[in-house]
Structures are given as structure tokens and as C-alpha cells.
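**Student:**
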Amino acid sequence: MARIGLFDIVGPIMVGPSSSHTAGAVRLGLAARRILGAHIQRAKIALHGSFAATYWGHRTDVALIAGLLGMGMDDERIPQALDLAKKAGLDYSFESRDLGDVHPNSVWMQVEGSQDQIALAGASVGGGRIQIFELNGFEVEVDGTYTVLMTRHRDEPGVIAEVTKVLAVHGINIAFLDVSRKTRGSEALLLAETDDPIPEIVVQHVQRVPGVMVVRTLPSF
8 MARIGLFDIV GPIMVGPSSS HTAGAVRLGL AARRILGAHI QRAKIALHGS FAATYWGHRT
68 DVALIAGLLG MGMDDERIPQ ALDLAKKAGL DYSFESRDLG DVHPNSVWMQ VEGSQDQIAL
128 AGASVGGGRI QIFELNGFEV EVDGTYTVLM TRHRDEPGVI AEVTKVLAVH GINIAFLDVS
188 RKTRGSEALL LAETDDPIPE IVVQHVQRVP GVMVVRTLPS F
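In terms of the working numbering, the sequence shown opens at residue 8 and continues consecutively.
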């Protein structure tokens, strides 16, 4: 049985009005920014289900943009996010889209920086909590409980072993490890959820592993 904490009952410290439609949306936008690892220049955002139906009243659009700008759930600037996005040169668009059999509070985002872009889909599941369930076309399960090391790498022998070896050398314990690929020998995605924060020196060492193309970290939140 899952344990329920006090903050799951009373809700997070946030700028409202809704923990699901506002606070959770901020976290989804912030997660996209952290995974991209850069200032976001362009964003295409598709709202699903309840997000699409009620976003105006709960300011879900404002919350998502706030997260893409790097704000947290309790940032007092959230209500001004659209104006701040304009000043920051963030080009964005919204649409409604049926994402299939997923949580009603779901969103798909494609965000682009100066050198890279990512596409992710996730849901706000209540109380400000989120679940990212797709990243660059790969099925994933990331909820912010653990620090996550993400790599895009060539699907070839030895890459995963070398990445996990780097973590072991630096004394970082892996709680969960998931590897996805679309076809054998193609690009693969590794997600290592760790019990410990991942310092920049570890990222640099992983980046030097032969076969690794991109390394990102997502702190727990």
C-alpha cells in the first residue's frame, strides 16, 4: 500500500488556484526545461482532456509557460508568466489534442533551444505531483521522486555498463534503471534514478563514454 504524507493531503506550497491544473502544470513545464538543459526559445504545447477543457479558468497555460521559464510552484511571478515570456523571446503555441488513453490532466510539449529539442508528455496527477510518461517517443516513468540521469546513446554493447560504472566510481547508488529503444542497434534512452544528487563532474564523465550522445540530469522535486 502506498504511503500518504501530510503534504499529499493539504497540498503543496504554491501559487494557485489549483494544485492539479496550476501547480502540477508548473512542474511539468519546469521538468521540460531541466531535461532540455537550456534556455527555451520555442515551445509547441498540446493540452489533453481536462487540461484542454478548463485551462483558462485554472490558468494552466500560464502555469506551463511559467515552468518553461524556470519558475517553481511557489514563484510569485507566475501570474505574469505570459508577459515575461514575451520579454524573454519565448515563442509558444497552444492547441487541444487527444493524447489517447492517458490521465485527463495531460500535456504534450515540444521545446527547442539553440542546439537541441525534446518532446515529452506528462500528467498532473494531483496535489502538485506529476508523471512524465513519454520522452522523445520512448515510454518512461518519471515522477520527480528521485534524481534522474538521462542519456541518449547508441544501442551497442558496453555503453550501459560504462555509464553505470561511472556512477559506481563516484559512489552514486542507482535505485531504478530503465533502458528503452525503438529497434535493435538504433538510438536508446537510459534513465537511472539515483538515491544521491548527481554533480556536474559525473555528467562530464558520462558524456565522455563512447556511444553517449546526450547527457541530462533531472533533480528530484
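Glycine is no exception: its CB is placed at the ideal position from the N, C-alpha and C atoms.
#1: Tell me whether residue 57 sits in a helix, a strand or coil according to DSSP, three-state version.
#2: Could you pull out every unbroken alpha helix (DSSP H) segment of at least 4 residues lying fully inside the stretch 37-121, listed in chain order?
#3: May I have the straight-line CA-CA distance separating residue 131 from residue 103, to the nearest angstrom?
#4: Specify, as a first and last residue, the run of the beta strand (DSSP E) that residue 224 falls within.
#5: Hey, how far is the Cα of residue 172 from the Cα of residue 199?
#6: Are the stretch 141-158 and the stretch 66-79 in contact at 8 Å, needing three or more beta carbon pairs?
#7: Using C-beta distances below 8 Å, list every residue in its chain close to residue 77, excluding the 5 sequence neighbours before and after it, in chain order.
#8: Where are the beta strand (DSSP E) runs, 3 residues long or more, that stay fully inside the stretch 133-170, in chain order?
#9: Buried or exposed for residue 220, going by 16 or more other Cβ atoms inside 10 Å?
#10: For the candidate residues 210, 150, 109 and 119, whose alpha-carbon lies nearest to that of residue 100?
#11: Helix, strand or coil, according to DSSP, for residue 186 in the structure here?
#12: What does the alpha-carbon distance come out to for the pair residue 168 and residue 174?
**Tutor:** Concretely, from the data shown:
#1: helix
#2: Whole alpha helix (DSSP H) segments, 4+ residues: 56-65, 67-75 and 88-95.
#3: 16 Å
#4: Under the DSSP assignment, residue 224 falls in the beta strand (DSSP E) whose first and last residues are 219-225.
#5: 12 Å
#6: no
#7: 37 and 40
#8: 136-142, 145-149 and 154-161
#9: exposed
#10: 119
#11: strand
#12: 10 Å
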